[in-house]
Amino acid sequence: MAKYIFVTGGVTSSLGKGIFAASLAKLLQSRGLTVTIQKFDPYINVDPGTLNPYEHGECYVTEDGAETDLDLGHYERFLNVPTSQANNVTTGRVYQYVINKEREGAYLGKTVQVVPHITDEIKRRMLLLGQSGAFDVVITEIGGTVGDIEAQPYIETVRQIVWEQGHENAIVCHLTLVPYLKSAKELKTKPTQHSVKELQMYGLQPDILVCRTEMPLTTELRNKLALFCNVDKDSVVQASDVDSIYSVPLEMLKEKLDVTVLRKLHIGNNKECDLKKWNEFIDKLRHPSTEVKIGLVGKYIELQDAYKSIYESFIHAGVSNNCKVEVVNIHSEDLDKTNAAELLQGLDGVLVAPGFGSRGIEGKIDAIRYLRENNIPFFGICLGMQMAVIEWGRNVLGFSDAHSVEMAENTTHPVIDLMAEQKQITNKGGTMRLGAYNCDLREGTIAAQIYGKLHISERHRHRYEFNSKYQEQYEKSGMTCSGINPDSGLVEIVEIPSHPFFIGVQFHPELKSTVENPHPIFEAFIGAALKHQKTKSKQSLIAY
Ligand code: GLN
């Protein structure tokens, strides 16, 4: 039978519940347990797929095509195990299911209510992965903060599960903030006490308190928190600010969080944590031998969370290249023909980001032209790949109005077109081409060399595609279609073999990069950037 750990948050949002859940899972996994993490989000959207990244950060896509919260990305990056549709549930999805059942007549004669119908459905989903028999431990993160009106049904359900499963099978970790007041020169415990009281009001007692803090917690303070929040003394865990999210599992290990959790859940496990690979990664991350500057051209760059998986993939690929990747954010709306050189020339490589809609795309196209013509490593993802195809169409093939039908419905050169399967679709939610698809790589191409194999699978999230009517013209003029979907014939990768590094992919490689398995294209891109840096410095020496 699986054991359950619930992670709630108090005092404020953005304390890093997702990173904490992933770190705890990592520690348990490193002791040989099979662990999965799921996130329950209290908002009413059925999934975050239709949310603007400014609202909720990146939309993460799973192998089975679920559009999910970005925390699932952390779970996969830490655990190196894929998540699925079942790992992310929202209030919208729960209500949709219950209301559909009501219409089918499943509750005939009954009044359908939050308690028990909504809470029962939440419970069914909270227990689902645990009942699959695939996991020893299921960690469930509850989105939002305790006290939010919309989170109440979730807290009530957790209370019921703890009661039903028993305290030795289900525990609650409550993540809170212990703020430091400069004027008083003191850490303050009152906000934590209040948020625990709030939980207790709903009948839920935290087993472990995880305290985010800028200053170390003294023993006296830990004892005070334990006493007033009704937890064991060794169950007050300090979570200090650290240099990298990947250091959090090590911090939690120092706090013996794994030992406390195993004891509370009555899991007999004498194994040592095997974090050898993880430690090697951290060591390399902290001691890079060199540095590269990579431009990230996008329209949401003000918001770090909008391109979360891309930033993390850079970290993974940097470590495997023994270098630090400094990401220079460039707003696509700030770019045009006149300043592309000024903004891009100092960079060792540039990634043009995924996206939707027309804002900032001409800047992306101008940037790509500059990178192509000046032999600077280029990596385009999804919309970034589509813009590379448009740029080539306009400036190499001479199709002056080459465009994507997404932005210019009536272009005479629709080099990027709406996919056939999308033409009848009007609903926006969950209707893109989503999830993992196979791709065959053409022998002898850069893509085949990067992957070291000819059959790959990558995750997608798009409606538009390279228009294969133009494939021959592109190939003849020097842009190779090196990755093709074997079933639909869709072009998934384009590259320019005569360029030092120019690759565009219709899929999202950033969704599959993990600490243990950095993505090969990101690795190769950083490798090419390092090479470009060396060539640049040689050239400047010659000029000197
Ligand atoms: N807007 C483009 C499409 O739908 C690209 C999507 C993306 O970058 N994820 O095809």
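Following my numbering from start to finish, the sequence shown increments by one per residue and tops out at 833.
Cβ coordinates follow ideal geometry from the N, Cα and C atoms, glycine included.
query: Excluding five sequence neighbours on each side, which residues of the same chain lie with their C-beta closer than 8 Å to the C-beta of residue 420?
result: Shown here for residue 420: same chain residues with a beta carbon closer than 8 Å to its own, the five before and five after excluded, namely 291 in chain order.
message: Quick check: does the Cβ of residue 695 come within less than 7 Å of any heavy atom belonging to ligand 1?
response: Yes.
query: Which ranges does the alpha helix (DSSP H) cover as unbroken runs of at least 4 residues, wholly within the region 313–376, from first to last along the chain?
result: If only complete runs of 4 or more residues are kept, the region 313–376 shows the alpha helix (DSSP H) at 342–345, 360–368, in order along the chain.
- prompt: So, residue 513 versus residue 478, is the Cβ gap smaller than 8 Å?
  reply: Yes, these two residues count as a Cβ contact at 8 Å.
message: With distance defined between alpha-carbon atoms, name the residue in 608, 799, 312 nearest to residue 596.
response: Checking every option, the nearest Cα to that of residue 596 belongs to 799.
- prompt: Out of 562, 682, 362, which has the shortest C-alpha to C-alpha gap to residue 765?
  reply: When each option's Cα is compared against that of residue 765, the closest is 682.
query: Which value, in whole angstroms, describes the spacing of the CA atoms of residue 380 and residue 431?
result: Each residue's alpha carbon lies about 11 Å from the other.
task: Give a yes or no on whether the C-beta atoms belonging to residue 723 and residue 305 are separated by under 8 Å.
output: For the 8 Å CB-CB criterion, residue 723 and residue 305 do not form a contact.
field: Length at least 4, wholly inside the region 496–523: the alpha helix (DSSP H) runs in chain order
entry: DSSP runs (the alpha helix (DSSP H)) wholly in the region 496–523: 508–518.
- prompt: Between the Cα of residue 739 and the Cα atoms of 442, 813, 654, 361, which residue gives the shortest distance?
  reply: Looking at 442, 813, 654, 361, the one whose alpha-carbon comes closest to that of residue 739 is 813.
query: How many Å lie between residue 616 and residue 643 at the Cα?
result: Counting only the Cα atoms, residue 643 lies some 16 Å from residue 616.
query: Is it the case that the Cβ atoms of residue 528 and residue 309 are separated by a distance below 8 Å?
result: Yes, Cβ-Cβ distance for residue 528 and residue 309 is below 8 Å.
message: ligand 3 and residue 672: does the residue's C-beta get closer than 7 Å to at least one heavy atom of that ligand?
response: Among the ligands in the structure shown, ligand 3 does not appear; only ligand 1 can be found there.
field: Endpoints, the beta strand (DSSP E) within which residue 746 is located
entry: Its beta strand (DSSP E) spans residues 744–751.
- prompt: Are three or more beta carbon pairs between the region 805–812 and the region 530–541 nearer than 8 Å?
  reply: Because the criterion of three Cβ pairs below 8 Å is not met, the region 805–812 and the region 530–541 do not touch.
- request: Taking 8 Å as the cut-off, decide whether the C-beta atoms of residue 749 and residue 797 are in contact.
  value: Cβ atoms of residue 749 and residue 797: closer than 8 Å.
message: Does the distance between the C-beta of residue 643 and the nearest non-hydrogen atom of ligand 1 fall short of 7 Å?
response: Taking 7 Å as the cut-off, one finds at least one heavy atom of ligand 1 near enough to the beta carbon of residue 643.
Contact belief for residue 594 with residue 359 at Cβ below 8 Å, rounded distance in angstroms: Contact between residue 594 and residue 359 is confirmed by a C-beta separation of about 6 Å, below the 8 Å threshold.
query: Is residue 349 near ligand 1, going by C-beta to nearest heavy atom under 7 Å?
result: With a threshold of 7 Å, the Cβ atom of residue 349 does not count as near ligand 1, since no heavy atom of the ligand is closer than that.
Residue 596: CB within 7 Å of a non-hydrogen atom of ligand 1: Not under cutoff, so the answer is no.
message: Taking 7 Å as the cut-off, is the C-beta of residue 713 nearer than that to any heavy atom in ligand 1?
response: Residue 713 Cβ: outside cutoff for every heavy atom of ligand 1.
query: Which residues mark the beginning and the end of the beta strand (DSSP E) in which residue 482 is found?
result: Looking at the DSSP string, residue 482 is not in any beta strand (DSSP E); the run it does join, the alpha helix (DSSP H), is 479–490.
message: Going by the DSSP bridge assignment, what does residue 788 pair with across the sheet?
response: For residue 788, which the question treats as bridged, DSSP gives no partner whatsoever.
task: Check whether the Cβ atoms of residue 803 and residue 605 lie closer than 8 Å to each other.
output: Result yes, Cβ atoms of residue 803 and residue 605 sit closer than 8 Å.
query: How big is the Cα-Cα spacing for residue 561 and residue 406?
result: The alpha-carbon atoms of residue 561 and residue 406 are separated by roughly 43 Å.
Exposed unless 16 or more other CB atoms sit within 10 angstroms - verdict on residue 376: Residue 376 is buried by the Cβ-count criterion.
query: Per DSSP, what kind of secondary structure is residue 579 in: helix, strand or coil?
result: Looking at residue 579 - three-state DSSP - the assignment turns out to be strand.
task: Compare the Cα-Cα distances from residue 715 to each of 543, 687, 752 and report the closest residue.
output: Checked all of 543, 687, 752; the closest Cα to residue 715 is 752.
field: Through-space distance from residue 441 to residue 481, alpha-carbon basis
entry: Taking the straight line from one Cα to the other gives about 18 Å.
- request: Could I get the ranges of all uninterrupted beta strand (DSSP E) runs contained in the region 369–428, with 3 residues as the minimum, in chain order?
  value: Fully contained in the region 369–428 are the following beta strand (DSSP E) runs of length 3 or more, in chain order: 377–379.
task: Count the other C-beta atoms from every protein chain shown that fall within 10 angstroms of the C-beta of residue 321, then say buried if there are 16 or more, exposed otherwise.
output: Around the Cβ of residue 321, a 10 Å sphere holds fewer than 16 other Cβ atoms; the residue is exposed.
message: residue 650 and residue 678 - do their beta-carbons sit closer together than 8 Å?
response: No, the pair does not count as a contact, with Cβ atoms beyond the cut-off.
message: Using 8 Å for Cβ pairs, my map puts residue 559 next to residue 293. What's the rounded Cβ distance?
response: At roughly 22 Å, the Cβ-Cβ gap does not stay under 8 Å, so residue 559 and residue 293 are not in contact.
- request: Report the rounded CA-to-CA distance for residue 533 versus residue 484, giving the unit in angstroms.
  value: In a straight line, the C-alpha of residue 533 is about 27 Å away from that of residue 484.
message: Can you tell me whether residue 658 sits near ligand 1, meaning its C-beta is under 7 Å from at least one heavy atom of the ligand?
response: False, no ligand heavy atom lies under 7 Å from that Cβ.
query: Do you know offhand how far residue 668's Cα is from residue 454's?
result: Straight across, the Cα-Cα distance linking residue 668 with residue 454 is about 49 Å.
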